[in-house]
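Please read the structure below before turning to the comments.
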(Lines of atoms letter the chains of each structure in order from A; the text may use other names.)
(Lines give C-alpha, C1' and ligand atoms only; values in the text may rest on other atoms or scores of the structure.)
Protein backbone atom coordinates (compact mmCIF):
# COMPACT_ATOMS: atom_id res chain seq x y z
CA UNK A 1 0.00 0.00 0.00
CA UNK A 2 2.84 2.35 0.83
CA UNK A 3 4.30 2.05 -2.63
CA UNK A 4 1.00 2.53 -4.45
CA UNK A 5 0.12 5.48 -2.20
CA UNK A 6 3.36 7.22 -3.11
CA UNK A 7 2.73 6.72 -6.83
CA UNK A 8 -0.81 8.03 -6.58
CA UNK A 9 0.43 11.02 -4.56
CA UNK A 10 2.90 12.01 -7.29
CA UNK A 11 0.21 11.62 -9.96
CA UNK A 12 -2.24 13.70 -7.99
CA UNK A 13 0.36 16.46 -7.46
CA UNK A 14 1.17 16.56 -11.19
CA UNK A 15 -2.48 16.61 -12.23
CA UNK A 16 -3.31 19.29 -9.66
CA UNK A 17 -0.49 21.54 -10.82
CA UNK A 18 -1.52 21.21 -14.45
CA UNK A 19 -5.18 21.97 -13.73
CA UNK A 20 -4.17 24.97 -11.57
CA UNK A 21 -1.98 26.50 -14.26
CA UNK A 22 -4.69 26.10 -16.94
CA UNK A 23 -7.35 27.59 -14.67
CA UNK A 24 -5.08 30.52 -13.68
CA UNK A 25 -4.27 31.31 -17.27
CA UNK A 26 -7.99 31.21 -18.20
CA UNK A 27 -8.91 33.55 -15.36
CA UNK A 28 -6.04 35.97 -16.21
CA UNK A 29 -7.04 36.19 -19.87
CA UNK A 30 -10.83 36.36 -19.60
CA UNK A 31 -11.40 38.13 -16.30
CA UNK A 32 -9.26 41.32 -16.54
CA UNK A 33 -10.33 44.19 -14.24
CA UNK A 34 -12.31 46.94 -15.94
CA UNK A 35 -11.55 49.79 -13.49
CA UNK A 36 -7.89 50.27 -14.50
CA UNK A 37 -7.10 53.91 -15.46
CA UNK A 38 -4.18 55.29 -17.43
CA UNK A 39 -1.51 56.86 -15.21
CA UNK A 40 -1.54 60.64 -14.93
CA UNK A 41 1.50 62.21 -16.57
CA UNK A 42 2.78 65.52 -15.16
CA UNK A 43 5.79 67.67 -16.03
CA UNK A 44 8.66 67.52 -13.54
CA UNK A 45 8.01 71.12 -12.52
CA UNK A 46 4.52 70.17 -11.30
CA UNK A 47 5.57 67.14 -9.28
CA UNK A 48 5.49 67.25 -5.51
CA UNK A 49 8.69 67.32 -3.51
CA UNK A 50 8.23 63.78 -2.15
CA UNK A 51 7.61 62.43 -5.65
CA UNK A 52 10.72 64.10 -7.02
CA UNK A 53 12.76 62.75 -4.14
CA UNK A 54 11.61 59.20 -4.95
CA UNK A 55 12.31 59.66 -8.66
CA UNK A 56 15.68 61.32 -8.14
CA UNK A 57 17.33 60.25 -4.88
CA UNK A 58 20.19 62.70 -5.58
CA UNK A 59 19.34 65.89 -7.49
CA UNK A 60 22.35 67.73 -8.97
CA UNK A 61 23.05 71.22 -7.67
CA UNK A 62 22.65 72.80 -11.10
CA UNK A 63 18.99 71.69 -11.01
CA UNK A 64 18.23 72.72 -7.44
CA UNK A 65 20.18 75.98 -7.55
CA UNK A 66 20.27 78.13 -10.72
CA UNK A 67 23.48 79.81 -9.49
CA UNK A 68 25.41 76.59 -10.12
CA UNK A 69 26.57 75.77 -13.64
CA UNK A 70 26.91 72.31 -15.15
CA UNK A 71 30.42 70.96 -15.53
CA UNK A 72 29.93 68.00 -17.83
CA UNK A 73 32.84 69.15 -19.97
CA UNK A 74 35.15 69.25 -16.96
CA UNK A 75 34.04 65.82 -15.75
CA UNK A 76 34.71 64.40 -19.21
CA UNK A 77 38.14 66.04 -19.26
CA UNK A 78 39.04 64.66 -15.83
CA UNK A 79 37.78 61.21 -16.83
CA UNK A 80 40.07 61.08 -19.87
CA UNK A 81 43.03 62.53 -18.00
CA UNK A 82 42.57 60.59 -14.76
CA UNK A 83 45.12 57.79 -15.45
CA UNK A 84 47.79 60.45 -15.94
CA UNK A 85 46.55 62.70 -13.15
CA UNK A 86 46.59 59.72 -10.80
CA UNK A 87 50.28 59.08 -11.42
CA UNK A 88 51.20 62.77 -11.27
CA UNK A 89 49.28 63.39 -8.04
CA UNK A 90 50.70 60.29 -6.35
CA UNK A 91 54.24 61.21 -7.36
CA UNK A 92 53.79 64.76 -6.03
CA UNK A 93 52.25 63.45 -2.80
CA UNK A 94 55.23 61.13 -2.24
CA UNK A 95 57.72 63.94 -2.84
CA UNK A 96 55.90 66.19 -0.37
CA UNK A 97 55.40 63.48 2.25
CA UNK A 98 58.95 62.09 2.30
CA UNK A 99 60.71 65.07 3.93
CA UNK A 100 57.83 65.56 6.38
CA UNK A 101 57.94 61.89 7.42
CA UNK A 102 61.75 61.96 7.71
CA UNK A 103 61.48 64.96 10.04
CA UNK A 104 58.74 63.52 12.25
CA UNK A 105 59.59 59.82 12.74
CA UNK A 106 62.60 60.38 15.05
CA UNK A 107 60.28 61.99 17.60
CA UNK A 108 58.29 58.76 17.93
CA UNK A 109 61.25 56.32 17.71
CA UNK A 110 60.00 54.86 14.45
CA UNK A 111 62.55 53.28 12.13
CA UNK A 112 60.80 53.99 8.83
CA UNK A 113 57.47 54.84 7.19
CA UNK A 114 57.19 53.92 3.51
CA UNK A 115 54.52 53.76 0.84
CA UNK A 116 54.31 50.20 -0.46
CA UNK A 117 51.54 51.08 -2.90
CA UNK A 118 49.97 54.45 -3.70
CA UNK A 119 47.26 54.80 -6.30
CA UNK A 120 44.01 56.75 -6.25
CA UNK A 121 42.16 54.09 -8.20
CA UNK A 122 40.29 54.13 -11.47
CA UNK A 123 37.33 56.32 -10.41
CA UNK A 124 37.91 60.06 -10.85
CA UNK A 125 36.16 62.75 -8.79
CA UNK A 126 33.07 64.37 -10.28
CA UNK A 127 32.00 68.00 -10.15
CA UNK A 128 28.29 68.31 -9.45
CA UNK A 129 28.24 72.01 -10.33
CA UNK A 130 30.10 75.25 -9.78
CA UNK A 131 29.14 78.75 -8.71
CA UNK A 132 31.20 81.70 -9.93
CA UNK A 133 31.18 85.10 -8.23
CA UNK A 134 31.78 88.32 -10.15
CA UNK A 135 33.42 91.19 -8.26
CA UNK A 136 34.95 94.52 -9.19
CA UNK A 137 38.29 93.47 -7.75
CA UNK A 138 41.07 91.66 -9.61
CA UNK A 139 39.98 88.20 -8.51
CA UNK A 140 38.03 85.13 -9.58
CA UNK A 141 35.97 83.26 -6.98
CA UNK A 142 34.66 79.73 -7.65
CA UNK A 143 32.72 77.28 -5.50
CA UNK A 144 32.71 73.79 -7.07
CA UNK A 145 30.77 70.92 -5.50
CA UNK A 146 33.03 67.86 -5.52
CA UNK A 147 32.02 64.26 -4.90
CA UNK A 148 34.48 61.41 -5.08
CA UNK A 149 33.67 57.77 -4.48
CA UNK A 150 37.11 56.28 -5.02
CA UNK A 151 38.68 52.85 -4.98
CA UNK A 152 42.23 53.77 -3.91
CA UNK A 153 44.95 51.43 -2.82
CA UNK A 154 47.17 53.22 -0.34
CA UNK A 155 49.39 50.88 1.67
CA UNK A 156 51.83 52.25 4.23
CA UNK A 157 54.33 50.11 6.09
CA UNK A 158 55.63 51.20 9.48
CA UNK A 159 58.74 49.67 11.05
CA UNK A 160 59.54 50.14 14.73
CA UNK A 161 61.33 48.06 17.38
CA UNK A 162 62.04 45.33 14.84
CA UNK A 163 58.36 44.89 13.98
CA UNK A 164 56.51 45.78 10.80
CA UNK A 165 52.86 46.86 10.54
CA UNK A 166 50.97 47.47 7.32
CA UNK A 167 48.10 49.95 7.13
CA UNK A 168 45.85 50.08 4.06
CA UNK A 169 43.28 52.75 3.09
CA UNK A 170 40.40 51.51 0.90
CA UNK A 171 36.93 52.59 -0.25
CA UNK A 172 37.37 56.33 0.07
CA UNK A 173 34.39 58.73 -0.20
CA UNK A 174 34.82 62.51 -0.08
CA UNK A 175 32.06 65.13 -0.42
CA UNK A 176 33.13 68.76 -0.08
CA UNK A 177 32.24 72.31 -1.14
CA UNK A 178 35.43 74.40 -1.38
CA UNK A 179 35.77 78.06 -2.26
CA UNK A 180 38.70 78.67 -4.61
CA UNK A 181 39.85 82.25 -5.08
CA UNK A 182 42.40 83.24 -7.70
CA UNK A 183 43.80 86.66 -6.83
CA UNK A 184 45.11 89.01 -7.82
CA UNK A 185 44.70 88.55 -11.57
CA UNK A 186 47.88 89.62 -13.33
CA UNK A 187 49.08 89.98 -16.95
CA UNK A 188 51.63 87.16 -16.55
CA UNK A 189 50.92 83.46 -17.13
CA UNK A 190 49.07 81.70 -15.49
CA UNK A 191 47.34 85.07 -14.97
CA UNK A 192 46.92 84.85 -11.17
CA UNK A 193 49.48 85.23 -8.40
CA UNK A 194 47.92 83.29 -5.51
CA UNK A 195 45.37 80.55 -4.88
CA UNK A 196 43.25 80.73 -1.73
CA UNK A 197 41.24 77.62 -0.76
CA UNK A 198 38.70 77.38 2.05
CA UNK A 199 35.81 75.02 2.84
CA UNK A 200 32.29 76.44 3.02
CA UNK A 201 31.05 73.53 5.18
CA UNK A 202 32.50 70.58 7.03
CA UNK A 203 33.53 67.87 4.54
CA UNK A 204 32.20 64.32 4.54
CA UNK A 205 35.02 61.78 4.54
CA UNK A 206 34.45 58.03 4.69
CA UNK A 207 37.05 55.31 4.20
CA UNK A 208 38.08 51.85 5.21
CA UNK A 209 41.24 51.31 7.27
CA UNK A 210 42.82 47.86 7.41
CA UNK A 211 45.57 46.88 9.80
CA UNK A 212 47.15 43.45 9.18
CA UNK A 213 44.08 42.52 7.09
CA UNK A 214 41.48 43.53 9.72
CA UNK A 215 39.06 46.42 9.09
CA UNK A 216 39.56 48.82 12.00
CA UNK A 217 36.45 50.81 11.02
CA UNK A 218 34.25 47.80 11.87
CA UNK A 219 35.16 48.12 15.56
CA UNK A 220 32.15 49.61 17.39
CA UNK A 221 32.60 53.32 18.08
CA UNK A 222 35.82 53.74 16.08
CA UNK A 223 34.08 54.79 12.85
CA UNK A 224 32.19 57.69 14.43
CA UNK A 225 35.21 58.89 16.44
CA UNK A 226 37.44 58.93 13.33
CA UNK A 227 34.75 60.70 11.27
CA UNK A 228 34.28 63.50 13.78
CA UNK A 229 38.04 63.81 14.35
CA UNK A 230 38.74 64.28 10.63
CA UNK A 231 35.91 66.79 10.20
CA UNK A 232 37.01 68.84 13.20
CA UNK A 233 40.69 68.86 12.23
CA UNK A 234 40.00 69.86 8.62
CA UNK A 235 37.46 72.48 9.73
CA UNK A 236 39.92 74.00 12.19
CA UNK A 237 42.44 74.49 9.42
CA UNK A 238 40.42 75.37 6.32
CA UNK A 239 36.76 76.10 7.21
CA UNK A 240 35.88 79.59 5.92
CA UNK A 241 37.03 82.26 6.70
CA UNK A 242 40.30 80.36 7.28
CA UNK A 243 42.17 79.70 4.06
CA UNK A 244 45.00 77.72 2.57
CA UNK A 245 47.23 80.06 0.56
CA UNK A 246 49.37 78.80 -2.32
CA UNK A 247 51.70 81.31 -3.98
CA UNK A 248 52.00 80.80 -7.71
CA UNK A 249 53.89 83.91 -8.82
CA UNK A 250 56.10 86.46 -7.13
CA UNK A 251 53.87 89.52 -6.66
CA UNK A 252 56.39 92.19 -7.58
CA UNK A 253 57.29 90.44 -10.83
CA UNK A 254 53.77 89.28 -11.67
CA UNK A 255 52.19 92.70 -11.32
CA UNK A 256 55.24 94.51 -12.69
CA UNK A 257 55.07 96.85 -9.74
CA UNK A 258 57.55 99.69 -9.36
CA UNK A 259 60.68 98.60 -7.55
CA UNK A 260 62.64 101.82 -7.80
CA UNK A 261 63.18 105.22 -9.40
CA UNK A 262 65.70 106.01 -12.13
CA UNK A 263 67.00 109.58 -12.02
CA UNK A 264 68.17 110.64 -15.46
CA UNK A 265 70.10 113.85 -16.04
CA UNK A 266 70.59 114.76 -19.69
CA UNK A 267 73.78 116.83 -19.70
CA UNK A 268 74.77 117.61 -23.27
CA UNK A 269 75.35 116.42 -26.81
CA UNK A 270 78.66 116.81 -28.62
CA UNK A 271 79.38 117.31 -32.33
CA UNK A 272 75.94 116.51 -33.67
CA UNK A 273 75.58 116.31 -37.44
CA UNK A 274 73.19 118.87 -38.86
CA UNK A 275 70.06 117.72 -40.61
CA UNK A 276 68.90 121.04 -42.03
CA UNK A 277 70.23 122.23 -45.37
CA UNK A 278 70.40 125.80 -44.15
CA UNK A 279 71.82 126.49 -40.71
CA UNK A 280 72.27 124.20 -37.72
CA UNK A 281 69.82 121.68 -36.30
CA UNK A 282 67.32 122.08 -33.44
CA UNK A 283 67.99 119.00 -31.25
CA UNK A 284 66.00 117.57 -28.34
CA UNK A 285 66.16 114.24 -26.50
CA UNK A 286 63.46 111.63 -25.86
CA UNK A 287 63.86 109.10 -23.01
CA UNK A 288 61.88 105.89 -22.62
CA UNK A 289 62.18 102.70 -20.60
CA UNK A 290 61.37 99.43 -22.35
CA UNK A 291 58.34 97.46 -21.07
CA UNK A 292 56.81 100.78 -19.99
CA UNK A 293 53.57 102.08 -21.47
CA UNK A 294 54.05 105.61 -20.16
CA UNK A 295 54.81 108.39 -22.66
CA UNK A 296 58.42 109.28 -23.36
CA UNK A 297 60.18 112.02 -21.41
CA UNK A 298 61.37 114.96 -23.54
CA UNK A 299 63.94 117.69 -23.05
CA UNK A 300 63.52 121.21 -24.33
CA UNK A 301 64.52 122.08 -27.89
CA UNK A 302 67.88 123.81 -28.35
CA UNK A 303 67.55 125.84 -31.53
CA UNK A 304 70.40 126.08 -33.98
CA UNK A 305 72.91 124.24 -31.82
CA UNK A 306 75.09 121.22 -32.62
CA UNK A 307 76.66 121.12 -29.14
CA UNK A 308 73.61 121.70 -26.95
CA UNK A 309 73.67 121.65 -23.16
CA UNK A 310 70.46 120.74 -21.35
CA UNK A 311 71.26 119.78 -17.74
CA UNK A 312 67.66 118.64 -17.37
CA UNK A 313 66.57 115.96 -14.88
CA UNK A 314 63.84 113.33 -15.12
CA UNK A 315 62.48 110.63 -12.83
CA UNK A 316 61.35 107.32 -14.35
CA UNK A 317 59.63 104.43 -12.60
CA UNK A 318 61.55 101.13 -12.78
CA UNK A 319 59.71 97.80 -12.67
CA UNK A 320 62.46 95.31 -13.54
CA UNK A 321 66.05 96.59 -13.43
CA UNK A 322 67.41 93.26 -14.68
CA UNK A 323 65.59 93.41 -18.03
CA UNK A 324 64.61 97.03 -18.66
CA UNK A 325 66.67 99.27 -20.92
CA UNK A 326 66.77 103.07 -21.17
CA UNK A 327 66.30 104.17 -24.78
CA UNK A 328 67.86 107.54 -25.71
CA UNK A 329 66.82 109.13 -28.99
CA UNK A 330 67.99 112.50 -30.32
CA UNK A 331 65.72 114.31 -32.80
CA UNK A 332 65.93 117.41 -34.91
CA UNK A 333 62.83 119.49 -34.26
CA UNK A 334 60.92 120.65 -37.33
CA UNK A 335 58.17 123.22 -37.31
CA UNK A 336 56.45 121.49 -40.21
CA UNK A 337 56.58 117.79 -41.00
CA UNK A 338 58.21 114.84 -39.30
CA UNK A 339 61.08 115.36 -36.88
CA UNK A 340 64.32 113.87 -38.19
CA UNK A 341 66.12 111.29 -36.07
CA UNK A 342 69.73 112.29 -35.40
CA UNK A 343 70.81 109.15 -33.56
CA UNK A 344 70.13 106.81 -30.66
CA UNK A 345 71.65 104.49 -28.08
CA UNK A 346 70.56 102.40 -25.11
CA UNK A 347 71.70 101.72 -21.55
CA UNK A 348 70.70 98.46 -19.81
CA UNK A 349 69.70 99.27 -16.25
CA UNK A 350 71.67 96.30 -14.94
CA UNK A 351 74.81 98.34 -15.75
CA UNK A 352 73.77 100.95 -13.17
CA UNK A 353 74.62 100.09 -9.56
CA UNK A 354 72.00 101.07 -6.96
CA UNK A 355 72.50 104.38 -5.17
CA UNK A 356 75.52 105.26 -7.34
CA UNK A 357 75.59 108.04 -9.93
CA UNK A 358 77.21 106.94 -13.19
CA UNK A 359 78.02 109.07 -16.23
CA UNK A 360 77.68 107.66 -19.75
CA UNK A 361 79.14 109.18 -22.93
CA UNK A 362 77.51 107.30 -25.78
CA UNK A 363 78.15 107.41 -29.51
CA UNK A 364 74.94 108.03 -31.41
CA UNK A 365 73.95 105.21 -33.78
CA UNK A 366 71.36 104.86 -36.49
CA UNK A 367 69.91 101.73 -34.88
CA UNK A 368 70.95 98.92 -32.54
CA UNK A 369 71.79 96.45 -35.30
CA UNK A 370 75.49 95.57 -34.81
CA UNK A 371 75.76 94.44 -38.43
CA UNK A 372 74.49 97.70 -39.95
CA UNK A 373 77.45 99.42 -41.64
CA UNK A 374 75.74 102.80 -41.32
CA UNK A 375 76.39 102.68 -37.57
CA UNK A 376 80.08 103.27 -38.36
CA UNK A 377 79.22 106.78 -39.47
CA UNK A 378 79.91 109.51 -36.91
CA UNK A 379 76.72 111.13 -35.55
CA UNK A 380 78.04 112.77 -32.40
CA UNK A 381 77.74 111.85 -28.74
CA UNK A 382 75.18 112.15 -25.96
CA UNK A 383 76.19 112.52 -22.30
CA UNK A 384 73.85 111.50 -19.45
CA UNK A 385 74.05 110.70 -15.73
CA UNK A 386 71.98 107.90 -14.22
CA UNK A 387 71.18 107.13 -10.59
CA UNK A 388 69.04 104.14 -9.68
CA UNK A 389 67.33 104.28 -6.28
CA UNK A 390 65.54 101.02 -5.39
CA UNK A 391 62.64 101.08 -2.97
CA UNK A 392 63.16 99.75 0.52
CA UNK A 393 62.06 96.18 1.17
CA UNK A 394 59.20 97.24 3.43
CA UNK A 395 57.80 99.46 0.67
CA UNK A 396 57.43 96.59 -1.80
CA UNK A 397 54.14 94.71 -2.01
CA UNK A 398 54.44 91.17 -0.67
CA UNK A 399 50.92 89.79 -0.92
CA UNK A 400 47.40 90.44 -2.05
CA UNK A 401 46.14 91.66 1.31
CA UNK A 402 48.85 94.31 1.34
CA UNK A 403 48.00 95.37 -2.19
CA UNK A 404 44.55 96.41 -1.02
CA UNK A 405 46.21 99.22 0.92
CA UNK A 406 47.77 102.02 -1.09
CA UNK A 407 51.60 101.78 -1.11
CA UNK A 408 53.83 104.73 -0.38
CA UNK A 409 54.86 107.14 -3.08
CA UNK A 410 58.40 106.61 -4.39
CA UNK A 411 61.37 108.62 -3.21
CA UNK A 412 61.66 111.90 -5.05
CA UNK A 413 57.94 112.63 -4.69
CA UNK A 414 57.33 116.23 -3.54
CA UNK A 415 56.88 116.37 0.25
CA UNK A 416 53.56 118.20 0.09
CA UNK A 417 52.32 116.37 -2.96
CA UNK A 418 52.03 112.79 -4.10
CA UNK A 419 51.56 110.34 -6.94
CA UNK A 420 48.15 110.03 -8.61
CA UNK A 421 47.83 106.53 -10.08
CA UNK A 422 45.05 105.84 -12.59
CA UNK A 423 44.35 102.24 -13.68
CA UNK A 424 41.94 101.87 -16.58
CA UNK A 425 40.48 98.38 -16.21
CA UNK A 426 37.67 97.83 -18.72
CA UNK A 427 34.53 99.21 -20.37
CA UNK A 428 31.18 97.60 -21.08
CA UNK A 429 28.50 98.26 -23.70
CA UNK A 430 30.37 101.02 -25.50
CA UNK A 431 29.22 101.21 -29.10
CA UNK A 432 29.79 103.77 -31.84
CA UNK A 433 27.50 104.67 -34.67
CA UNK A 434 30.15 104.26 -37.36
CA UNK A 435 32.86 102.10 -35.71
CA UNK A 436 33.84 100.71 -32.30
CA UNK A 437 37.63 100.73 -31.87
CA UNK A 438 37.81 102.22 -28.37
CA UNK A 439 40.68 103.73 -26.44
CA UNK A 440 40.62 105.94 -23.34
CA UNK A 441 42.01 109.48 -23.05
CA UNK A 442 42.96 110.87 -19.64
CA UNK A 443 43.40 114.62 -19.20
CA UNK A 444 44.72 115.97 -15.92
CA UNK A 445 46.00 119.53 -15.54
CA UNK A 446 46.59 119.76 -19.29
CA UNK A 447 48.60 116.52 -19.45
CA UNK A 448 47.08 113.89 -21.72
CA UNK A 449 47.64 110.13 -21.67
CA UNK A 450 46.06 107.36 -23.72
CA UNK A 451 45.45 103.64 -23.48
CA UNK A 452 46.03 101.29 -26.36
CA UNK A 453 43.32 101.02 -29.02
CA UNK A 454 41.27 97.82 -29.17
CA UNK A 455 39.62 97.07 -32.48
CA UNK A 456 35.97 96.06 -32.89
CA UNK A 457 35.15 95.45 -29.25
CA UNK A 458 32.12 96.67 -27.29
CA UNK A 459 33.54 95.32 -24.01
CA UNK A 460 37.26 96.18 -24.16
CA UNK A 461 39.71 95.41 -21.35
CA UNK A 462 42.88 97.50 -21.09
CA UNK A 463 44.44 97.11 -17.61
CA UNK A 464 46.65 100.11 -18.38
CA UNK A 465 48.25 102.10 -15.55
CA UNK A 466 49.19 105.78 -15.66
CA UNK A 467 50.93 107.99 -13.12
CA UNK A 468 50.85 111.74 -12.53
CA UNK A 469 53.38 113.35 -10.17
CA UNK A 470 51.65 116.20 -8.34
CA UNK A 471 53.20 119.02 -6.29
CA UNK A 472 50.12 119.33 -4.04
CA UNK A 473 46.99 117.21 -3.34
CA UNK A 474 44.45 117.62 -6.20
CA UNK A 475 41.52 118.12 -3.82
CA UNK A 476 39.79 120.62 -6.12
CA UNK A 477 40.81 119.05 -9.45
CA UNK A 478 38.92 116.83 -11.81
CA UNK A 479 40.18 114.01 -14.00
CA UNK A 480 38.59 114.12 -17.44
CA UNK A 481 38.16 110.65 -18.93
CA UNK A 482 36.71 109.99 -22.34
CA UNK A 483 36.29 106.88 -24.45
CA UNK A 484 37.02 107.50 -28.13
CA UNK A 485 36.80 105.31 -31.21
CA UNK A 486 39.05 105.95 -34.19
CA UNK A 487 39.17 104.46 -37.67
CA UNK A 488 41.40 105.29 -40.61
CA UNK A 489 39.01 103.62 -43.06
CA UNK A 490 36.09 105.94 -42.42
CA UNK A 491 37.30 109.22 -43.90
CA UNK A 492 34.20 111.20 -42.92
CA UNK A 493 34.10 109.98 -39.31
CA UNK A 494 37.65 109.05 -38.36
CA UNK A 495 37.06 109.95 -34.70
CA UNK A 496 33.89 109.25 -32.77
CA UNK A 497 33.26 109.92 -29.03
CA UNK A 498 31.72 107.01 -27.11
CA UNK A 499 31.18 108.78 -23.78
CA UNK A 500 33.01 110.63 -21.03
CA UNK A 501 33.13 111.25 -17.28
CA UNK A 502 34.68 113.86 -14.98
CA UNK A 503 35.93 112.41 -11.69
CA UNK A 504 36.26 114.61 -8.62
CA UNK A 505 39.71 113.81 -7.22
CA UNK A 506 38.89 115.12 -3.76
CA UNK A 507 37.30 111.74 -2.95
CA UNK A 508 40.46 109.94 -4.05
CA UNK A 509 42.67 112.11 -1.83
CA UNK A 510 40.35 111.51 1.15
CA UNK A 511 39.94 107.74 0.66
CA UNK A 512 43.39 106.96 -0.82
CA UNK A 513 41.85 104.41 -3.20
CA UNK A 514 38.68 104.20 -5.31
CA UNK A 515 37.73 101.38 -7.67
CA UNK A 516 34.34 101.97 -9.30
CA UNK A 517 32.32 101.52 -12.46
CA UNK A 518 31.13 104.84 -13.86
CA UNK A 519 28.21 105.34 -16.26
CA UNK A 520 29.50 107.23 -19.28
CA UNK A 521 27.86 110.53 -20.16
CA UNK A 522 26.53 110.73 -23.75
CA UNK A 523 26.44 106.93 -23.92
CA UNK A 524 23.31 104.81 -23.87
CA UNK A 525 24.55 101.96 -21.67
CA UNK A 526 28.30 102.41 -21.57
CA UNK A 527 30.20 101.91 -18.30
CA UNK A 528 33.88 102.34 -17.50
CA UNK A 529 35.75 100.78 -14.57
CA UNK A 530 38.61 102.90 -13.27
CA UNK A 531 40.77 102.54 -10.19
CA UNK A 532 42.42 105.62 -8.70
CA UNK A 533 45.07 105.75 -5.97
CA UNK A 534 46.61 108.66 -4.13
CA UNK A 535 50.07 107.78 -2.87
CA UNK A 536 52.06 109.98 -0.54
CA UNK A 537 55.35 109.63 1.33
CA UNK A 538 53.50 109.36 4.63
CA UNK A 539 51.04 106.65 3.46
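In the UniProt record's numbering, the protein residues as written are 1 to 539.
We treat Cβ as the ideally placed atom computed from N, Cα and C, and that holds for glycine.
Taking one beta carbon from each stretch, the stretch 335-346 and the stretch 376-394 have 3 or more pairs nearer than 8 Å; the two touch.
A distance below 7 Å between beta-carbons, with the five flanking residues on each side excluded, links residue 123 to the following residues of its chain, in chain order: 149, 150 and 151. Taking 3 residues as the minimum length, the beta strand (DSSP E) runs contained wholly in the stretch 302-361 are 309-318, 325-332 and 340-348, in order along the chain. Non-local beta-carbon contacts of residue 75 in its own chain, meaning distances under 7 Å to residues more than five positions away in sequence, involve 126 and 127 in chain order. Of the residues 177, 480 and 82, the one whose Cα lies closest to the Cα of residue 446 is 480.
Residue 376 sits in a helix when the DSSP states are folded into three classes. Under the 10 Å beta carbon count, residue 19 is surrounded by fewer than 16 other beta carbons and is classified as exposed. From the listed residues 490, 362 and 352, the smallest Cα separation to residue 390 is found for 352. Comparing alpha carbon positions, the residue from 200, 420, 478 and 117 closest to residue 91 is 117. In the three-state reduction of the DSSP assignment, residue 495 falls in the strand class, which pools E and B. The stretch 178-193 and the stretch 152-167 do not touch, with fewer than 3 CB-CB distances between them shorter than 8 Å. Per DSSP, reduced to three states, the secondary structure at residue 129 is strand.
In the structure shown, residue 83 adopts helical secondary structure according to DSSP, grouped into three states. The DSSP-derived three-state label of residue 110 is coil.
Around the beta-carbon of residue 194, 16 or more other beta-carbon atoms lie within 10 Å, marking it buried.
Put simply, the stretch 446-465 does not touch the stretch 413-420. Fewer than three CB pairs are less than 8 Å apart.
Rounded to whole angstroms, residue 537 and residue 199 show a C-alpha spacing of 40 Å.
When the beta-carbon positions are compared, residue 314 and residue 246 stay at least 8 Å from each other. For residue 507, the uninterrupted alpha helix (DSSP H) segment begins and ends at 506-511. Residue 515 carries a strand assignment under DSSP once its states are collapsed to helix, strand and coil. In this structure residue 498 is not in contact with residue 407, their Cβ atoms being roughly 32 Å apart against a cut-off of 8 Å. Of the candidates 110, 153 and 113, 153 places its Cα closest to the Cα of residue 119.
Here the alpha carbon of residue 71 sits roughly 10 Å from the alpha carbon of residue 145. Minimum Cα-Cα distance from residue 467 among the listed residues 114, 287, 280 and 413 corresponds to 413. Annotation: the continuous beta strand (DSSP E) that includes residue 155 extends over 153-160. Here residue 423 is bridged, per DSSP, to 465 and 531. C-alpha of residue 361 to C-alpha of residue 384: approximately 7 Å in a straight line.
Beta-bridge annotation (DSSP): residue 283 is paired with 332. Between residue 205 and residue 244, the beta carbon gap of about 17 Å keeps them out of contact (Cβ cut-off 8 Å). Between residue 158 and residue 113 the beta-carbon gap is near 5 Å, inside 8 Å, which marks them as a contact. For residue 165, the secondary structure class from DSSP, reduced to helix, strand or coil, is strand. Residue 171 and residue 156 have their C-alpha atoms spaced approximately 16 Å apart. Of the residues 41, 22, 297 and 290, the one whose Cα lies closest to the Cα of residue 323 is 290. Counting only residues of its own chain and dropping the five nearest sequence neighbours on each side, residue 105 has a CB closer than 8 Å to the CB of 111, 112 and 113. The residue among 115, 260 and 516 with its C-alpha nearest the C-alpha of residue 98 is 115. The beta-carbon distance between residue 436 and residue 485, rounded to whole angstroms, is 6 Å. This is short enough to meet the 8 Å contact definition.
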